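The opening residue of the sequence shown carries number 247 in the working numbering; numbering runs sequentially from there.
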Amino acid sequence: MFIDDPDASLADLVDGSIGELSLFHDTFGVYAQGVDETTAILPSGWKDRLVTLCNENTGAGEGLCLEPYDLCASKLCAFREKDLQYVDSLLVSELINKDILIARIATIVGHDDEKRLALSHLGA
247 MFIDDPDASL ADLVDGSIGE LSLFHDTFGV YAQGVDETTA ILPSGWKDRL
297 VTLCNENTGA GEGLCLEPYD LCASKLCAFR EKDLQYVDSL LVSELINKDI
347 LIARIATIVG HDDEKRLALS HLGA
């Protein structure tokens, strides 16, 4: 996710270079999605919880990743089948806690319809 990408040009560059159906995707079997701050519905305070990805494989680069509960809250608000399955698999595997996820969804400002769908999926 690009924090300072007002015209989404950096996000578009990621999609074109290493995004889904790119040569990178064909070669390595994985891809990245370029997103900016307007792409997803996110809980309050998400920026303070970003996780930095930086190791010997990233060279001088750093990636900022959503914290797991913020990611799952966003995926539930998107309410796509693949996202629901993703979150469900994390819940079943006990990699995330349902009560913490419900509390995180509750901090989303606005987006009442999306929040309602997300919470209904969790039985909340």
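Cβ atoms here follow ideal geometry from the backbone N, Cα and C, with glycine treated the same way. Please read all numbers here as calculations on a predicted model, not as lab measurements.
**Val-355 in three-state terms, based on DSSP** = Within the sequence shown, numbered from 1, the residue matching residue 355 stands at position 109. DSSP places Val-355 in coil when its eight states are reduced to three.
**Asked** Just reading off the beta strand (DSSP E) that Cys-311 is part of, what are its end residues?
**Response** Within the sequence shown, the letter at position 65 stands for residue 311. 309 to 311 is the span of the beta strand (DSSP E), which, as asked, contains Cys-311.
**Asked** Can the beta-carbon of Arg-350 be found closer than 8 Å to that of Pro-289?
**Response** For this step, residue 350 is matched to residue 104 along the sequence shown. For this step, residue 289 is matched to residue 43 along the sequence shown. A contact, by the Cβ cut-off of 8 Å.
**Item:** C-alpha gap between Leu-365 and Gln-331, whole angstroms
**Value:** Indexing the sequence shown from 1 puts residue 365 at position 119. Indexing the sequence shown from 1 puts residue 331 at position 85. Leu-365 and Gln-331: Cα-Cα distance of roughly 15 Å.
**Asked** How big is the Cα-Cα spacing for Ile-342 and Tyr-315?
**Response** On the sequence shown, position 96 is the one that residue 342 refers to. On the sequence shown, position 69 is the one that residue 315 refers to. Answer to the nearest angstrom: the Cα atoms are 7 Å apart.
**Prompt:** For Asp-251, which three-state DSSP category applies?
**Reply:** Walking along the sequence shown from the start, residue 251 turns up at place 5. Asp-251: coil per DSSP, three-state reduction.
**Prompt:** Any contact of the region 258 to 268 with the region 286 to 302, i.e. 3+ C-beta pairs under 8 Å?
**Reply:** no
**Request:** Please list, in chain order, all residues of the same chain as Leu-363 whose beta carbon is under 8 Å from its beta carbon, the five residues on each side excluded.
**Result:** Numbered from 1 along the sequence shown, position 117 holds the residue referred to as residue 363. Correct list, in chain order: Leu-322, Cys-323, Phe-325.
**Request:** Report yes if the C-beta distance between Ile-348 and Leu-317 is below 8 Å; otherwise report no.
**Result:** On the sequence shown, position 102 is the one that residue 348 refers to. On the sequence shown, position 71 is the one that residue 317 refers to. No, the Cβ-Cβ distance between Ile-348 and Leu-317 is not below 8 Å.
**Asked** Do you know whose CA, among Ile-249, Ala-370, Asp-359, Asp-358, lies nearest Asp-294's CA?
**Response** Position 48 of the sequence shown holds residue 294. Ranking the options by Cα distance to Asp-294, first place goes to Ile-249.
**Message:** Do Gly-280 and Leu-256 count as a contact pair if the criterion is CB distance below 8 Å?
**Reply:** For the purposes of this step, residue 256 is identified with residue 10 of the sequence shown, where counting begins at 1. For the purposes of this step, residue 280 is identified with residue 34 of the sequence shown, where counting begins at 1. Yes, Cβ-Cβ distance for Leu-256 and Gly-280 is below 8 Å.
**Message:** Suppose only complete runs of 4+ residues qualify. What are the alpha helix (DSSP H) ranges in the region 312 to 351, listed by chain order?
**Reply:** 314 to 324, 327 to 338
**Prompt:** Does DSSP put Leu-365 in a helix, a strand or coil?
**Reply:** As a first step, residue 365 must be located in the sequence shown, where it is residue number 119. Three-state result, Leu-365: helix.
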